[in-house]
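Q: Shown below is the structure under consideration.
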């Protein structure tokens, strides 16, 4: 695992860890740009050998270029090359993020994937296992590592509490409102007339942590990818319940068909015809939804599989 970072003297911002940011035109890179613009520091992972064996090939200097873009938006960044087939990689990734960016991960965004087309009859055992190792097992291990380390934003023993986030926060998640304070937080019990009125009412922890996983509805002709993404869905939705006591929400996003360089002209035309809004999705479309889910306004959305696909039929 290799790392690179862009230091900054700016005040601490909450940290997002985004996996699968290997190409500048990819969905992961689009999410990283959006999160940086919304006030997050961004650590991201990539794996060059995967891109090399895919049809699009590796993009020379992509990680450094993306990191420079994010730094230009005011984010501290850490680019981490990691092989997610290694069961020890998730813990090392979190160690690197904490060491280089000086705080805990607040938002975990799973955008990595192993994706090699094959069907029911021609999928090899090796390909099947590799897809489940990367898409399901690595995702579970990343979520587990996140859950073991997350202690809430601004809670006891957590470095860089809410006062360190420029512009104010809601439970440590950037709200983009200059001068906002903890007293103006939305959705926290007791902060508004909608909150509990009796002193004896329980006070659940506000949702300050976020997990968002990207999924797909590909199945036919893409068996190991589709099946392993189905497993990812279940793992993430389990986290919505099992990590809720930590103040963490977990959701799955299906971005639908997004052309990031893998489509043929014929496939692209067919998918556009099947989309009521008359175009394909873009990384920016997906990024806006992920950004919303990670914002204070998204704190009540939990345990959902959300489609953001322009109405395309599955």
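Numbering (my numbering), first residue to last: 1 to 314.
By construction, the Cβ of each residue, glycine as well, lies at the ideal position given by its N, Cα and C atoms.
Computed from a prediction, not measured in an experiment: that's the story for all the values here.
Kindly provide the ranges of any beta strand (DSSP E) runs that are 3 or more residues long and lie completely inside the region 80-149, ordered along the chain.
A: The region 80-149 contains these whole beta strand (DSSP E) runs: 105-110.
Q: I'd like to know whether the C-beta atoms of residue 120 and residue 146 end up nearer to each other than 9 Å.
A: Counted from its first residue, the chain shown places residue 120 at position 120. Counted from its first residue, the chain shown places residue 146 at position 146. Taking 9 Å as the Cβ cut-off, residue 120 and residue 146 do not qualify as a contacting pair.
Q: Spatial neighbours of residue 287 within its chain, please: C-beta separation below 6 Å, excluding the five flanking residues on both sides.
A: Here residue 287 corresponds to residue number 287 of the chain shown, with the count starting at 1. Once the five neighbours on either side are set aside, the close Cβ partners of residue 287 are 30, 31 and 34.
Q: Does the beta-carbon of residue 84 have 16 or more other beta-carbons within 10 angstroms, so that it is buried, or is it exposed?
A: What you label residue 84 is simply residue 84 of the chain shown in a count that begins at 1. Label assigned to residue 84: buried.
Q: Enumerate in chain order the residues of its own chain whose CB-to-CB distance from residue 156 is below 8 Å, with the five nearest sequence positions on each side excluded.
A: By one-based count along the chain shown, residue 156 stands at place 156. Its pLDDT being 35, under 50, residue 156 is placed unreliably by the model, and the measurement read from it follows with that caveat. Excluding residues within five positions, none has a Cβ falling inside 8 Å.
Q: CB-CB under 6 Å to residue 213, same chain, minus the five flanking residues each way: which ones, in chain order?
A: As a first step, residue 213 must be located in the chain shown, where it is residue number 213. Only 110, 232, 236 and 252 meet the Cβ criterion.
Q: With H, G and I counted as helix, E and B as strand and the rest as coil, what does DSSP make of residue 184?
A: Taking the chain shown and counting its residues from 1, the one referred to as residue 184 is at position 184. Caution is warranted here: a pLDDT of 32 is assigned to residue 184, below 50, making its placement in the model unreliable, and the coordinate value is therefore given only provisionally. The answer is helix: DSSP assigns residue 184 an H, G or I state.
Q: Pick from 304, 308 and 90: whose alpha carbon is nearest that of residue 276?
A: Indexing the chain shown from 1 puts residue 276 at position 276. Cα-wise, what sits closest to residue 276 is 308.
Q: Helix, strand or coil for residue 190 per DSSP?
A: Numbered from its first residue, the chain shown carries residue 190 at position 190. With a pLDDT of 34 at residue 190, under the threshold of 50, the modelled position of this residue cannot be trusted, and the question is left open.
Q: Look at the Cβ atom of residue 114, then the Cβ atom of residue 216, and state whether they are nearer than 9 Å.
A: Locating residue 114 in the chain shown gives position 114, where the first residue counts as 1. Locating residue 216 in the chain shown gives position 216, where the first residue counts as 1. No. Outside cutoff.
Q: Where residue 304 and residue 97 are concerned, what is the direct C-alpha to C-alpha distance, given to the nearest angstrom?
A: Translated into the one-based positions of the chain shown, residue 304 becomes position 304. Translated into the one-based positions of the chain shown, residue 97 becomes position 97. Roughly 27 Å separates the two Cα atoms.
Q: Could you tell me if residue 124 is buried or exposed, where buried requires 16 or more neighbouring beta carbons within 10 angstroms of its beta carbon?
A: Taking the first residue of the chain shown as 1, we reach residue 124 at position 124. That one is exposed.
Q: Judging by CA-CA distance, which residue of 245, 129, 93 and 54 is the nearest neighbour of residue 42?
A: Position 42 of the chain shown, counted from the first residue, corresponds to residue 42. Out of 245, 129, 93 and 54, 93 has the C-alpha closest to the C-alpha of residue 42.
Q: Within the continuous alpha helix (DSSP H) that includes residue 306, where are the two ends?
A: Taking the first residue of the chain shown as position 1, residue 306 is located at position 306. Note, residue 306: premise wrong, no alpha helix (DSSP H); beta strand (DSSP E) at 305-307.
Q: Tell me whether the beta-carbon of residue 44 lies closer than 9 Å to the beta-carbon of residue 80.
A: Translated into the one-based positions of the chain shown, residue 44 becomes position 44. Translated into the one-based positions of the chain shown, residue 80 becomes position 80. Yes, they are a contact pair.
Q: I need the DSSP call for residue 75, collapsed to helix, strand or coil.
A: Locating residue 75 in the chain shown gives position 75, where the first residue counts as 1. Three-state DSSP puts residue 75 in coil, outside helix and strand.
Q: Mind checking who residue 302 pairs with in its DSSP beta bridge?
A: Looking up residue 302 in the chain shown gives position 302. In DSSP, residue 302 forms no bridge with anything.
Q: Could you tell me if residue 315 is buried or exposed, where buried requires 16 or more neighbouring beta carbons within 10 angstroms of its beta carbon?
A: Because the chain is modelled from 1 through 314, residue 315 falls outside the range shown and cannot be assessed.
Q: In whole angstroms, give me the CA-to-CA distance for residue 71 and residue 257.
A: Reading the chain shown from its first residue, position 71 is the one you call residue 71. Reading the chain shown from its first residue, position 257 is the one you call residue 257. Cα-Cα distance, rounded: 29 Å.
Q: Residues bridged to residue 41 by DSSP?
A: The count along the chain shown starts at 1 and reaches residue 41 at position 41. 15.
Q: When DSSP labels each residue in this structure, what does residue 25 get in the three-state scheme?
A: Locating residue 25 in the chain shown gives position 25, counting from the first residue. Three-state DSSP puts residue 25 in coil, outside helix and strand.
Q: Please name the residue in 48, 219 and 141 whose C-alpha comes closest to that of residue 118.
A: Counting from one through the chain shown, the residue named residue 118 turns up at place 118. When each option's Cα is compared against that of residue 118, the closest is 219.
Q: Under the three-state reduction of DSSP, which class applies to residue 243: helix, strand or coil?
A: Within the chain shown, the letter at position 243 stands for residue 243. Residue state, collapsed to three classes: coil.
Q: So is residue 88 buried or exposed if we call it buried at 16+ other beta carbons inside 10 Å?
A: Locating residue 88 in the chain shown gives position 88, counting from the first residue. Under this definition residue 88 is an exposed residue.
Q: Which residue's Cα is closest to the Cα of residue 249: 271, 152 and 281?
A: The residue labelled residue 249 in the question sits at position 249 within the chain shown. That would be 152, whose Cα lies nearest to the Cα of residue 249.
Q: In its own chain, which residues sit with a C-beta less than 7 Å from the C-beta of residue 282, not counting the 5 before and 5 after it?
A: Here residue 282 corresponds to residue number 282 of the chain shown, with the count starting at 1. Closer than 7 Å at the Cβ level, and outside the excluded window around residue 282, lie 258.
Q: For residue 280, count neighbouring Cβ atoms within 10 angstroms of its own Cβ and tell me buried if that reaches 16, exposed if not.
A: For the purposes of this step, residue 280 is taken as residue 280 along the chain shown, with counting starting at 1. Buried.
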